[in-house]
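A short worksheet on the structure shown next.
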Amino acid sequence: MIHPEKDFDKLDPKRFIIIKGARVNNLKNLSVAIPRNKLVVVTGLSGSGKSSLAFDTLFAEGQRMYVESLSSYARQFLGRMEKPEVDYIRGVAPAIAIEQKVNTRNPRSTVGTSTEIYDYLRLLFARVGKTFSPVSGNEVTKHSVTDVVEFVASHEEGTRMTVLAPFIIHEGRTLEQELNILMSKGYTRLSLDGEPVFIEDLLADLGQMKDPERYRVLIDRLSVTHDSDDFAFRTADSVQTAFFEGAGICEVEVLGGERREFSDKFELDGLKFEEPSVNLFTFNNPYGACKTCEGFGSVIGIDADLVIPNKSKSVYDGAIAPWQGATMGKWGKALINNSSEFGFPVHRPYCDLTEDQKELIWTGNKYFKGLNAFFKHLESKKHKIQYRVMLSRYRGRTSCPDCHGTRLRKDAGFVKINGKSIIDLVLMPVSTVGAFFRDLKLSDHDYKIAKRLLKEVVNRLEYLERVGLGYLTLNRLTSTLSGGEYQRIKLATSLGSALVGSMYILDEPSIGLHPRDTERLVGVLKTLRDLGNTVIVVEHEEEVMLSADQIIDIGPDAGAHGGELMFQGTLDELRKADNTYTARYLNGTDSISIPEKRRPWKYALEVRGARENNLKNIDVKFPLNTLTVVTGVSGSGKSTLVKKLLYPGIGKILEQVSAETGKMEGVFGDVDKVTHVEFVDQNPIGKSSRSNPVTYVKAYDSIRALFAAQTMAKQRGYKPAHFSFNVEGGRCEVCEGEGTVTVEMQFMADLHLTCESCKGKRFKQEVLDVKYKGKDISEVLELTVEEAIEFFSESKAVRNKLKPLMDVGLGYICLGQSANSLSGGEAQRVKLAFFLGKGQNARNKDHVLFIFDEPTTGLHFHDIRKLLDSINALVNHGSSAVIIEHNPEVVKSADWIIDLGPEGGDEGGYLNFEGTPEEMVKLEDNYTARFLKGKV
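Residue numbers (the UniProt record's numbering): 1 to 936.
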């Protein structure tokens, strides 16, 4: 179905998006026609050019065309858009890119705010929320002037009544002064038990007013007259006056009948309440934010996990970190020496102490001063730097003691809809909130107000559930989400907006999803397409390919060896092809083999009492000297277990990590067998144009030292720093080592011109005169990793640093290639290569625990095989690897599987299974086992 170039001009841009001659990054004059309003998957090896085609070419042109359509005045406030290097692109629709990156670190951004659900909830509670007193539980109400007028009008024609206000003696006034003031205002009578009393008579004999609080000010006497505007106006005016004179209280007495009290104060049970308003529920506004944490949900305080990092130690063995050394040790000695006086077990591990005993360490008693007094002492000595340093060592972000992390002022929780406050709702999983609103029953009056708001809330909650995020809470910080979760939130938000005629470009939306949840995602993508949009997905997941209307395969290899259109057609046609890696893995010609035997293990780390987020107080063993995979459906608790408990837990014991630790008893087992812990996450290696692979893996240091050792360099007195483009000395100072000079063009995209001084080589000519084996430093940076390993064959130091890049399948990238030109998969593998080099070069006695967070992100089947070889190399060198992963190819290759579930959110957090893949496939009611059965 590849259209020959000669046919391109005949294609209808209303039916196809036509790209002619794309040359962005490694694309080799690629031409392709993508059908509109279809689900199209772009696949291929990592680094083959998928992202270059989808994002750097197609999306970039869509964005540029939109920006160019604006006025020159508006364009100056927007980012300048480069025109992609391409002959032409036709048929482009408005483009929306949904990438993997969590591009917000805003501490106020939550799932609720980023999906706009929270904005609708604020409005909903402000309009139809009812305030309830925390004392009696009764609803707090207030009366308006209209309420009183309607009460008066409800009586029969001619009914006589009086409007009264409580007689109040204001502070600083006497009874006589108060009565005189009332007379000066024009009032002549008070009322006592329904009988009028003249103020003049009271002034003549003040002694007769024994109980002033029984008196009322007579504001007006009325005779009910229906169908009279004058009567309604007069009543309203009198009521308004009564509210003013009575400090918010107005009484209406029917002559010979009932007396009814009205209040325009929002009070009950002696408490004054704030009336519901949008700002009351806004934690980004000073009015609604918790006063203690200012709407952040956490405060800087003493972190108990930093104070007692190793909970398996006893107080006697030094569990309390700050009470070590000669000076501070006296605080601990006071506890140890006097422990027998109050029966404190100083030899018992901290984790085995009772809650009262743990609390005693902080509060102290008459025999010793506790940790609270200790830190108060440090605070009093803050004028000395050593005390400030010590305090900072034990400070961390702790949950706000007032709002308990909910960010809102306390009285916002008094406003409820059907018994639930906005605080209750944002702390519930999305699936539970969705069920609450679907079953919500409101009065006819409230429903009319809330109808439109409820529709928006329910729609957005349903889309979050459909993309597999029903386990998240609306209060969850956006910055704590994985790349895949953030991407799916943006996808759900886009669905909620219900745009049509657009071009959605998604970057691996299946990352972080268990195969079970991928099925739901595909349904969402089809919905997006059926609305009338073109959906282009960069993806490797077979489940997504199965549902695609068309597949585009870029290859044949990566980097300089890729960038060509290898295939375009349906999945069945691709399986019959044999010219691409994708086809060969799909039809079984190539495969990732199962290990011949699983590694046995003797030692293990154990996380005990894990109860952070949704974990159900579980104990989990992580074998050492093995490849362990932690899996389970999305939201089952994998990331919490590994990233919030295992990693910071062992890291604090080794004194290498200061991150906050989640709720658990601690990390136990063979802790002494681990010497280092390394965490390999999905964050890019750097966004600066100066950051590149050769500097990240520390190979550039050896290369610069090699050049500085050359005879000419020694003669000229050049140091290794002269061969760096980041510091002054040898770099070109015109472009400051960038190789290009940026020219600002005001209303047009900035021009990046090759530096005229160094001709793009980044260095001064005299530095380029120094050559190693006939190449200068600039030419060396242009070598690929593959070429460089051969070029530096005589330098073991350089070769050893570069070899891990080759091992993880990055032999095609250039040494000096800018980090921001690397794809997501490439960036992560550069990071992996760095740790590989570290692990392989480590001393034999070092045992490194490597933790990988979904390392198959952005990887093709062929790349996964190389990745597994690299990780197995780490384990074979005496280290251990723990991988959070869903990919069946990685799961089947594990020595040990830890499966959490059975579902996500509240229904997850249980330990489903621990064992080998062979044991797992025997399980019947297990989602992971179901998808693994065809692999093992």
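Think of the CB as a built atom: it goes at the ideal place given N, C-alpha and C, for glycine as much as any other residue.
Nothing here was measured: the structure is a model prediction, and the numbers come from that model.
When the Cα atoms are used, what is the spatial distance from residue i to residue j?
i, j, result
"Trp396", "Gly297", "The question names Trp, but residue 396 is Gly in the sequence shown. Straight-line Cα distance between these residues: approximately 13 Å."
"Lys416", "Gly905", "24 Å"
"Asp12", "Thr57", "20 Å"
"Asn37", "Gly21", "23 Å"
"Asp925", "Gly901", "11 Å"
"Met1", "Asp863", "Here Met1 scores only 45 on pLDDT, less than 50, and its place in the model should not be relied on; the value that follows carries that caveat. If I take the Cα positions, the gap works out to 27 Å."
"Ala304", "Gly669", "22 Å"
"Thr916", "Val741", "57 Å"
"Pro35", "Leu849", "48 Å"
"Tyr581", "Ala929", "27 Å"
"Val163", "Leu192", "13 Å"
"Leu521", "Arg466", "7 Å"
"Lys14", "Ser880", "55 Å"
"Ser340", "His847", "40 Å"
"Ser547", "Gln828", "28 Å"
"Lys663", "Arg690", "40 Å"
"Arg234", "Leu472", "56 Å"
"Ala373", "Gly301", "14 Å"
"Leu513", "Tyr812", "30 Å"
Could you name the residues of the same chain whose beta carbon sits closer than 6 Å to that of residue i, not counting the 5 residues immediately before and after it, in chain order?
i, result
"Ser48", "Ile554, Gly555, Ala558 and Gly562"
"Leu27", "Gly49, Ser52 and Gly563"
"Asn285", "Asn279"
"His3", "Because His3 sits at a pLDDT of 46, beneath the cut-off of 50, its placement in the model cannot be relied upon, and the point is left open."
"Asn887", "Thr856"
"Ile19", "Val32 and Ile89"
"Ile883", "Val629 and Phe852"
"Leu923", "Ala929"
"Lys369", "none"
"Ile505", "Ala54, Phe59, Ala97 and Ile536"
"Lys155", "At residue 155 the sequence reads His, which differs from the Lys that was named. For His155, where only same-chain residues beyond five positions count, the Cβ hits under 6 Å are Val224."
Just to confirm the assignment, what range does the alpha helix (DSSP H) spanning residue i have?
i, result
"residue 937", "Residue numbering for the chain in the displayed model covers 1 to 936; residue 937 lies beyond these limits and cannot be assessed."
"Thr241", "Asp229 to Glu245"
"Tyr447", "Asp444 to Arg466"
"Pro509", "It is not in any alpha helix (DSSP H) - Pro509 carries neither H nor E in the DSSP assignment."
"Arg529", "Pro515 to Asp530"
"Gly364", "Counting along the chain, Gly364 falls outside any alpha helix (DSSP H), and DSSP gives it neither H nor E."
"Met712", "Thr711 to Gln715"
Taking the alpha-carbon of residue i as reference, which of the options has the nearest alpha-carbon?
i, options, result
"Ala583", "Asn614, Pro600, Ile551 and Ala560", "Ile551"
"Arg393", "Ile536, Glu660 and Gln487", "Glu660"
"Cys403", "Gly288, Asp237 and Thr784", "Gly288"
"Val307", "Ala873, Ile300, Gly62 and Ala319", "Ala319"
"Asn800", "Val697, Arg865, Gly729 and Trp896", "Val697"
"Cys351", "Ile361, Ser71 and Gly419", "Ile361"
"Gln765", "Glu786, Gly737, Glu787 and Ala788", "Gly737"
"Leu378", "Glu519, Ser277 and Trp331", "Trp331"
"Leu654", "Ser71, Ala321 and Gly325", "Ala321"
Sorted by chain position, which residues of the same chain lie with C-beta nearer than 8 Å to residue i's C-beta, five sequence neighbours on each side aside?
i, result
"Leu768", "Lys761, Asp776, Ile777 and Ser778"
"Ala604", "Lys621, Phe622, Pro623, Leu624, Gly669 and Asp670"
Going by DSSP, what residue range makes up the beta strand (DSSP E) through residue i?
i, result
"Ser263", "Arg259 to Ser263"
"residue 946", "Since the displayed the chain opens at 1 and closes at 936, residue 946 lies outside it and no answer follows."
"Asp899", "Trp896 to Gly901"
"Val848", "Val848 to Asp853"
"Asp619", "Ile618 to Pro623"
"Asp12", "That residue, Asp12, is in no beta strand (DSSP E); it is neither H nor E in DSSP."
Looking at residue i and the ligand SAM, is the gap between the Cβ and the nearest heavy atom below 7 Å?
i, result
"Ala97", "With respect to small molecules bound, the structure shown includes none, and the ligand SAM cannot be examined in it."
Going by beta carbon distance, what residues of the same chain come within less than 7 Å of residue i, once the five residues before and after it are set aside?
i, result
"Phe707", "Ala713, Phe723, Val770, Tyr772 and Ile777"
"Cys755", "Cys732, Val734, Cys735, Gly739, Thr740 and Val741"
"Gly329", "Trp323"
"Ser314", "Val346, His347, Arg348, Pro349 and Tyr350"
Three CB pairs or more closer than 8 Å across the segment 479-498 and the segment 522-533: yes
Cβ contact check for the segment 215-229 and the segment 186-205: 3 or more pairs under 8 Å: yes
contact_flag[the segment 826-834, the segment 803-815] where n(CB pairs < 8 Å) is 3 or more: yes
Touching by the beta-carbon criterion (3+ pairs, under 8 Å), the segment 254-267 and the segment 104-116: no
Three CB pairs or more closer than 8 Å across the segment 638-657 and the segment 560-580: no
Inter-stretch contact (C-beta, 8 Å, three-pair minimum) for the segment 890-897 and the segment 586-598: yes
Inter-stretch contact (C-beta, 8 Å, three-pair minimum) for the segment 163-181 and the segment 200-215: yes
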